[in-house]
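Everything in the sequence shown is counted per the UniProt record's numbering, starting at 1 for the first residue and increasing by one.
Ideal Cβ placement from N, Cα and C applies to all residues, glycine included.
Here is the structure we will look at, set down as structure tokens.
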Amino acid sequence: MKLFVWKKQWYNIYKFCNKAKIEFDENLDKLHLFSNLQSAGFLDSATIFLFYAEYLSDDLNELLNQMDVSQIKEILNQLRIIPVARKKMQLIATVLTATRRQSTIGVKTLKDRVLSEIHKKLGDAYQIRPDICDAFNKLYVLATFTEFYSDIQDYFRRFDLIFPTAPIESYPVFHSILSFERYAEALKIKTDLESHLVGYHKNNKISVIYSIATDAYAKLRDVSMRNEPVHESAPHLNKFTSKYVYCKILSDCCQKLFTKARGKPSEVKQWLQYLIETFPNSTKLGGWYHLLIWINMRHLDRMFYRTSAEFLIEALDKKKPLFLEKDVFKLEELGRKLLKPTTKYQLHQLHHDTLVRLISRTSKISHIPEKQIDAKCIRSNNSGRKRTYFLRSDGETTAVSVEDVALEHYKDCGYPAGSHCEGSLIKALLILYFWDIIYNPEIVVRGSFISKWQSAPLDFFTRYFYENRKGAIDMRLMQIETVFSHEELINFGINNYQQHSHKCCSVIFKRVDGRVMDIIKDVSLVEILITVIGRKVLSKIFERLIKNLYQFFSGMPDLLIWNIDQKIHKFVEVKGEGDKLAPNQTLWLLYLHEIGASVEVCWVHSMGSKRKIIQRGNQNEGDVSDNDSD
């Protein structure tokens, strides 16, 4: 199992056993164990592999990749080649070049000598066979697809978790063995992509991401032509198809490849038009339109403003009901930009007049109260990196985040308690008050619970969750707002905390091991939050979340602060210098202000800096990021 979990490479059996802490009385027993696994067909032997590698030129590159940098340098020294490069791939290229163009005096070639040196360094080494690894991977996906763990170590940690209890249904998620295998293959590509997206600009992964995107596009076209069956009675299960996964892969790649400077805008334009045509009901539809329009406006060799206007009119006139609220917000911001007079382009009068009719009035973000404060900080020239601030207390200086600076400031403004939670306190409270509905055995939703290791029903983060439980959810919202007495409301939350706060529920962090008790650490906080926020405001926040969790999961203000003695609260979005409000953050602030919650935007400036005038109406122009919501 460790050979499957660990990096796929050759392992010396004695070093491997020591590292894996596999104990034997005799070293010979270790050799017998690996020999038996090889005989059973689970492992390949490096000795046999090296024998065949003498005749297979491609395998030398694979073997050298198993070595670390110091070992490759030793091989070069044995060949009497002075290593000029420092990076591993360059050192390998030096070795391969030498073996292709040089020969030694005698029977052995340079390649023979390199293989001999590799053998000396590997010793008795084995690796798991690729076909066995593939079988393990499929088995792993089958066991975990309802709560997929990209890191298998997390899978083993789940056995210490307590999952909610719900009636398990034997529902055929995959229509055939072939459909499962295609899903597993797509999921493997998606996991590979996610590993490359981490620091992709710094690590020069654009070419790798582009290769994954072109492959996903080809596979998506192929699977779309096959017209595979879909889940009519349980549409939320369609996410367990290769078509859905390839759509997600291609969509994520578009977000990384659309710029003229570092990407492939022409190819991304083609992919986006295909996605829009092929998935007309996707929750990503508005985001695809936004990116397509932005590419036409900014990232092609020739700017197509009239085409952008036509796409925008099509989106707002015919597709708007299908869009997420944040995508409508971003599309209308692009529309306002197109309507501004400019010497670069001129819209047809009909396009201009149509856009004026389709675009809503500007959101009144200026109605949201603001506060400006100063703090000491370390300036950084690295873009995208948060600044470090300093607080001084009792003669000691502490390095803190910008949110911590704001929390300390509000303590002096009548809010002695609070949390930098980004909405997690509210979501944890939501779970307590809807636990019996989420996991109710009497509410039958086909294909919602198919495994005892599920932290939420499979339709939880979809548009179908509310539709499938509309009556029960609407009743609970009424109970929270008016029907329950204050004492009943408090006791309901406390009782559910005592019964369920130790169980995992993925809504807390959108991951399997989230628990209410990790956020609401003391049961007394349930009553405090109900008291300071107020039941009417809280019920409206719950309504927005429980009906549209897939849409409004992110974007809630950074801080929730309160004063229990005065029974007051405040939601605060904190921004440092150079920050701006994201669309989903703006929409949450507007909504909270509309329902009567106390909200504020706190701008933290470094001492001695020149404060910029905040152009609130222009904060979101051109924002194409899709990271603010999943």
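Item: Any idea what DSSP makes of glutamate 600, helix, strand or coil?; Value: strand
Item: Between which residues of its own chain and phenylalanine 461 is the CB-CB distance below 7 angstroms, once the five residues before and five after are set aside?; Value: Leu549 and Tyr550
Item: Determine the direct distance from the alpha carbon of isoleucine 13 to that of leucine 31, and round the result to whole angstroms.; Value: 7 angstroms
Item: I think glutamate 117 touches glutamine 153, with their Cβ atoms under 8 angstroms apart; what is that distance to the nearest whole Å?; Value: With a Cβ gap of about 34 angstroms, glutamate 117 and glutamine 153 do not count as contacting.
Item: From what residue to what residue does the alpha helix (DSSP H) around tryptophan 588 run?; Value: 583-594
Item: Take lysine 264 as the anchor and find which of Trp562, Ile443 and Thr214 has the nearest alpha-carbon.; Value: Thr214
Item: Touch check for the segment 161-179 and the segment 187-197: three-plus C-beta pairs under 8 angstroms?; Value: no
Item: Using three-state DSSP, classify aspartate 124 as helix, strand or coil.; Value: coil
Item: For glutamate 23, count neighbouring Cβ atoms within 10 angstroms of its own Cβ and tell me buried if that reaches 16, exposed if not.; Value: exposed
Item: Could you pull out every residue in the same chain whose Cβ sits closer than 8 angstroms to the Cβ of tyrosine 345, ignoring the five residues on either side in sequence?; Value: Met303, Tyr305 and Arg306
Item: Could you pull out every residue in the same chain whose Cβ sits closer than 6 angstroms to the Cβ of lysine 205, ignoring the five residues on either side in sequence?; Value: His196
Item: In the DSSP assignment, find the unbroken alpha helix (DSSP H) run with proline 73 in it and report its ends.; Value: Residue identity check: residue 73 is lysine in the sequence provided, not proline. 69-78 is the span of the alpha helix (DSSP H), which, as asked, contains lysine 73.
Item: Kindly indicate the opening and closing residues of the beta strand (DSSP E) around cysteine 17.; Value: Looking at the DSSP string, cysteine 17 is not in any beta strand (DSSP E); the run it does join, the alpha helix (DSSP H), is 13-19.
Item: When you compare the CB positions of valine 245 and lysine 190, do they come within less than 7 angstroms of one another, or not?; Value: yes
Item: Expressed to the nearest angstrom, what Euclidean distance is found between the alpha-carbon atoms of threonine 144 and lysine 320?; Value: 36 angstroms
Item: Any Cβ of chain D within less than 7 angstroms of the Cβ of valine 402?; Value: The structure shown has no chain D; it contains just one protein chain.
Item: Put threonine 398 into one of helix, strand or coil per three-state DSSP.; Value: strand
Item: Given histidine 299, which residues of its chain have a CB within under 8 angstroms of its CB, disregarding the five upstream and five downstream residues?; Value: Phe258, Thr259, Lys260, Gly263 and Pro265
Item: For leucine 312 versus glycine 335, is the C-beta distance shorter than 7 angstroms?; Value: yes
Item: Tell me the start and end of each unbroken alpha helix (DSSP H) in the segment 139-182 that is at least 4 residues and wholly inside, in chain order.; Value: 152-157
Item: May I ask you to report which of helix, strand or coil DSSP gives tyrosine 246?; Value: helix
Item: Residues in its own chain within less than 8 angstroms of isoleucine 490 by CB, not counting five upstream and five downstream?; Value: Val526, Glu527 and Ile530
Item: Using a Cβ-Cβ cutoff of less than 8 angstroms, which residues in the same chain neighbour isoleucine 473 once the five nearest sequence positions on both sides are dropped?; Value: Phe434, Ile437, Tyr466, Ile546 and Lys547
Item: Take tyrosine 11 and list the residues in its own chain whose beta-carbon comes closer than 8 angstroms to its own, dropping the five residues that flank it on each side.; Value: Leu3, Ala125, Tyr126 and Gln127
Item: Starting from serine 606, follow its DSSP beta bridges and name the residues at the other end.; Value: Ala375
Item: For phenylalanine 542, which residues of its own chain have a beta-carbon under 6 angstroms away from its beta-carbon, when the five flanking residues on both sides are left out?; Value: Leu430
Item: Quick check on the DSSP output: the alpha helix (DSSP H) that includes valine 445 runs from which residue to which?; Value: From DSSP, valine 445 is part of no alpha helix (DSSP H); its letter is neither H nor E.
Item: At the level of alpha carbons, what is the spacing between isoleucine 293 and histidine 352?; Value: 16 angstroms
Item: Return the first residue and the last residue of the beta strand (DSSP E) that aspartate 44 is part of.; Value: 43-45
Item: Can you grab the Cα-Cα spacing for the pair histidine 420 / alanine 93, in whole Å?; Value: 50 angstroms
Item: Can you check the segment 245-280 for any alpha helix (DSSP H) of at least 4 residues that lies completely inside it and give the ranges in chain order?; Value: 265-278
Item: Would you kindly work out how many angstroms separate the C-alpha atoms of lysine 21 and aspartate 68, rounded to a whole number?; Value: 22 angstroms
Item: Are leucine 291 and alanine 315 touching if we call contact CB-CB under 7 angstroms?; Value: no
Item: Spatial neighbours of aspartate 459 within its chain, please: C-beta separation below 7 angstroms, excluding the five flanking residues on both sides.; Value: His236, Val445, Ser448, Phe465 and Asn468
Item: Can you give me the C-alpha to C-alpha distance between aspartate 112 and serine 242, rounded to a whole angstrom?; Value: 44 angstroms
Item: Am I right that arginine 535 and isoleucine 480 are in contact with their C-beta atoms under 8 angstroms? What's the rounded C-beta distance?; Value: 6 angstroms
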